[in-house]
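Q: Letter 462 of the sequence shown, counting from 1, is numbered 716 in this note's numbering, and no numbers are missing. Virtual Cβ for every residue (Gly too), placed ideally from N, Cα, C.
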Amino acid sequence: MSQQIGLYLNPVGQRRVDFQGMYADMFARLFIADGTEQANLLLGQERVDLLIIDLERFDSSFDLDGLGELIACRAGAPVLLLCPFISAGWLPALMKFGPLAYAISPLDDADLRGAITAQLDTPSVPETHADDLRSLLALRTRLQQALVDVDDLTNVAEQICVALCDASGAVHASLFRMDVPGDLQLEAQYSPTGLNLARVLHRSDRLLQSPLRHAFPGLVAACSNEMALLDAPAKAGEPELALSLVDKGVEMVIGLPLGSAPGSALAGSLCLMFGRARQFSGEELDSFVALAQLAGFGLRMAAMSRENEALLGRVTHLATVDALTGVANRRHGEHLLELEIKRARRYKVPLALIGFDIDRFKAINDQFGHPVGDAALRTVAEVTQAVLRASDVLIRSGGEEFLIIVPHNSAIDALKIAEKIRLAVAQTDIAGCDRLTISLGVGQLADQESADGLMLRVDAALGRAKRAGCNCVELAMS
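(1) Just to confirm the assignment: which complete beta strand (DSSP E) runs, minimum length 3, are found wholly within the segment 525-594?
(2) What residue ranges within the segment 466-507 form continuous beta strand (DSSP E) runs of no fewer than 3 residues, ordered along the chain?
(3) What residue ranges within the segment 362-401 form continuous alpha helix (DSSP H) runs of no fewer than 4 residues, ordered along the chain?
(4) So which of GLY623, LYS616, GLU673 has the shortest CA-CA distance to VAL637?
(5) Please confirm if the segment 332-341 is in contact with the segment 351-360, defined as three or more CB-CB distances below 8 Å between the two stretches.
(6) Would the beta-carbon of LEU324 fall within 8 Å of that of LEU305?
(7) Short of 6 Å in beta carbon distance, which residues of its chain neighbour ALA342, apart from the five on each side in sequence? Order them along the chain.
(8) Among residues of its own chain, excluding the 5 on either side of ALA411, which ones have a beta-carbon nearer than 6 Å to its beta-carbon?
(9) In whole angstroms, give me the CA-to-CA distance for GLU310 and ASP317.
(10) With distances taken from CA atoms, which of GLY320, PRO435, LEU648, ALA278 is nearest LEU295?
(11) For PHE273, which of helix, strand or coil comes out of DSSP?
(12) Contact defined as beta carbons within less than 8 Å: I believe ILE506 pairs with ASP485. What is the distance between those atoms, to the nearest angstrom?
(13) Enumerate, from N- to C-terminal direction, the unbroken alpha helix (DSSP H) stretches of 4 or more residues contained entirely within the segment 291-361.
(14) Assign MET555 to one of two classes, buried (16 or more other C-beta atoms within 10 Å of its C-beta) or exposed (fewer than that).
(15) Using alpha carbons as the reference points, say which of LYS602, ALA635, ILE684, VAL712 lies closest to HIS662.
(16) For ARG718, tell me which candidate among SER693, LEU708, SER704, MET709 has the shortest Cα-Cα distance.
(17) Please look up how many angstroms separate the CB atoms of LEU578 and LEU631, rounded, as I've assumed it's under 8 Å.
(18) Taking 8 Å as the cut-off, decide whether the C-beta atoms of PHE656 and LEU648 are in contact.
(19) Can you tell me the Cα-Cα spacing of PRO212 and GLY550, whole angstroms?
(20) Would you mind stating whether LEU374 and ASP420 have Cβ atoms separated by less than 8 Å?
(21) Examine the Cβ distances between the segment 494-506 and the segment 453-470 and report whether three or more of them are shorter than 8 Å.
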């Protein structure tokens with residue numbers, strides 16, 4: 255029998271009874287404590303060779319400082335944490351208080367005895383290996399560079415996963431994202447070995463409803479905002495999942511929340527899978543947490559950029575499009591006309607302008623009401639657009655008046671287009687009123703003529719069409 259003395263700490267009575275019954279034979283004497291106050295008292299009165307802290311049922315919101323003080327008081331004497339794989343956030347937090355060893359639970363009897371024996375015989379704690387730490391620091395630099403260099407913001411998640419697969423021993427990296435509350439999705443993944451996580455999880459969306467949400471570390475971290483560390487797939491308690499991971503060469507999985515802290519809004523998680531299991535030092539775990547925060551920041555910046563682009567698009571739409579008809583508004587239309595005039599002069603090609611308005615439109619509004627008048631304007635715009643080419647621009651210049659920019663067309667060509675529009679409108683039934691007609695004026699840009707000059711000539715031609723009895727087309731005077 256060992257001549258060493260142990261102290262086991264856990265708040266659950268049955269767990270304390272079970273531990274004492276199964277593992278007391280490993281110690282000359284085994285003390286049991288139900289909380290940090292009792293443990294502190296025992297440590298002050300007795301020599302304790304190994305402090306075993308079973309974190310099951312402890313709450314980090316309330317117990318972190320008390321447990322941390324116990325570890326600090328040990329002053330380097332052996333401490334073994336038994337940490338549930340779904341609550342691995344305890345590890346980097348408690349490692350800040352002092353050196354400790356850890357074992358990820360659940361543990362079978364043989365594994366727990368092995369972990370205790372190792373600490374009784376040759377106490378050791380996970381060490382920071384310079385090469386591993388340098389690798390993580392280099393990985394962080396590569397991730398930062400990937401976020402800076404990415405051109406297509408829709409691919410930022412993929413770029414993050416590619417960069418993260420440079421982690422030592424990593425065989426797969428993935429990002430889970432919750433764009434819509436309650437809908438967790440596999441946003442991106444990358445594996446140099448071709449591992450497809452969607453097949454392992456049997457889905458890539460609605461993952462909050464997945465039966466594996468309490469077993470796979472990436473889902474656990476996304477659902478709880480807490481680190482999850484699985485150092486043996488069998489510990490997940492899902493035999494099919496464990497078999498699938500082992501078959502694909504995965505021995506360890508770590509899930510890291512993208513949210514800043516437990517209790518913050520769920521955002522998603524970063525998940526790394528490794529080809530072999532090993533213990534991480536506090537510095538390494540802190541580096542993984544920093545990587546997840548950096549990835550989360552990159553995703554938030556990409557989302558904000560997309561939102562800004564969408565907002566700019568909506569603002570641009572409101573500033574350039576007539577709300578009633580959906581065609582260009584007057585201000586935007588005049589800007590486009592200036593551009594087309596410059597282009598026509600630069601390439602020495604003709605440019606025509608058509609102006610038209612709805613005949614006796616005031617009478618339509620007075621007789622049938624403004625809603626019918628609005629419907630008439632929309633219908634005329636739709637009928638006109640159906641006649642025009644993709645390069646032609648329809649503009650609502652005000653009230654019932656419209657302009658059409660007709661690039662690469664002479665006045666004669668534009669006359670033909672105007673006649674087609676006139677006939678199409680005259681033959682169209684307008685809901686709520688009689689058929690209506692339009693009158694049109696057509697002009698071609700002259701040498702040295704300004705946009706205002708061209709519009710004045712076209713407007714004069716439109717006036718002649720009105721005086722000629724409406725429902726006709728007139729050519730502008732040179």
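A: Short version:
(1) List check, beta strand (DSSP E) in window: nothing returned.
(2) The DSSP assignment places 482-484 as complete runs of the beta strand (DSSP E) inside the segment 466-507, in order along the chain (cut-off: 3 residues).
(3) Listed in chain order, the complete alpha helix (DSSP H) runs (minimum 4 residues) inside the segment 362-401 are 363-375.
(4) Counting from 1 along the sequence shown, the entry for residue 637 is found at position 383. The shortest C-alpha to C-alpha distance from VAL637 to any of GLY623, LYS616, GLU673 is the one to GLU673.
(5) Judged by Cβ distances under 8 Å, the segment 332-341 makes contact with the segment 351-360, as three or more pairs qualify.
(6) Position 70 of the sequence shown, counted from the first residue, corresponds to residue 324. Position 51 of the sequence shown, counted from the first residue, corresponds to residue 305. Yes, Cβ-Cβ distance for LEU324 and LEU305 is below 8 Å.
(7) Taking the sequence shown and counting its residues from 1, the one referred to as residue 342 is at position 88. Excluding positions up to five away in sequence, the list reads MET481, ALA482, LEU483.
(8) Counting from 1 along the sequence shown, the entry for residue 411 is found at position 157. For ALA411, where only same-chain residues beyond five positions count, the Cβ hits under 6 Å are LEU429, GLU441, ALA442.
(9) Reading the sequence shown from its first residue, position 56 is the one you call residue 310. Reading the sequence shown from its first residue, position 63 is the one you call residue 317. Approximately 12 Å, taken between the alpha carbons.
(10) The residue labelled residue 295 in the question sits at position 41 within the sequence shown. Nearest C-alpha to LEU295: GLY320.
(11) Position 19 of the sequence shown, counted from the first residue, corresponds to residue 273. Collapsing the DSSP output to three states places PHE273 in a helix.
(12) Position 252 of the sequence shown holds residue 506. Position 231 of the sequence shown holds residue 485. A small fix is needed here, since residue 506 is Met in this sequence, not Ile. With 8 Å as the limit, MET506 and ASP485 qualify as a contact, their Cβ atoms being about 5 Å apart.
(13) Every unbroken stretch of the alpha helix (DSSP H) spanning 4 or more residues and falling wholly within the segment 291-361 is given here in chain order: 314-328, 344-349.
(14) Looking up residue 555 in the sequence shown gives position 301. By the neighbour-count rule (16 or more Cβ atoms within 10 Å), MET555 is not buried but exposed.
(15) Within the sequence shown, residue 662 is the residue found at index 408, counting from 1. It is LYS602.
(16) As a working note, residue 718 is residue 464 in the sequence shown. When C-alpha distances from ARG718 are compared across SER693, LEU708, SER704, MET709, the shortest belongs to SER693.
(17) As a working mapping, residue 578 is identified with position 324 in the sequence shown. As a working mapping, residue 631 is identified with position 377 in the sequence shown. 6 Å between Cβ atoms; contact.
(18) Within the sequence shown, residue 656 is the residue found at index 402, counting from 1. Within the sequence shown, residue 648 is the residue found at index 394, counting from 1. Going by C-beta atoms, PHE656 is nearer than 8 Å to LEU648.
(19) Nothing about residue 212 can be read from this structure; the chain reaches only from 255 to 732.
(20) The residue given as residue 374 occupies position 120 in the sequence shown. The residue given as residue 420 occupies position 166 in the sequence shown. It is not a contact, given that the beta carbons lie outside the stated cut-off.
(21) Yes, the segment 494-506 is in contact with the segment 453-470.
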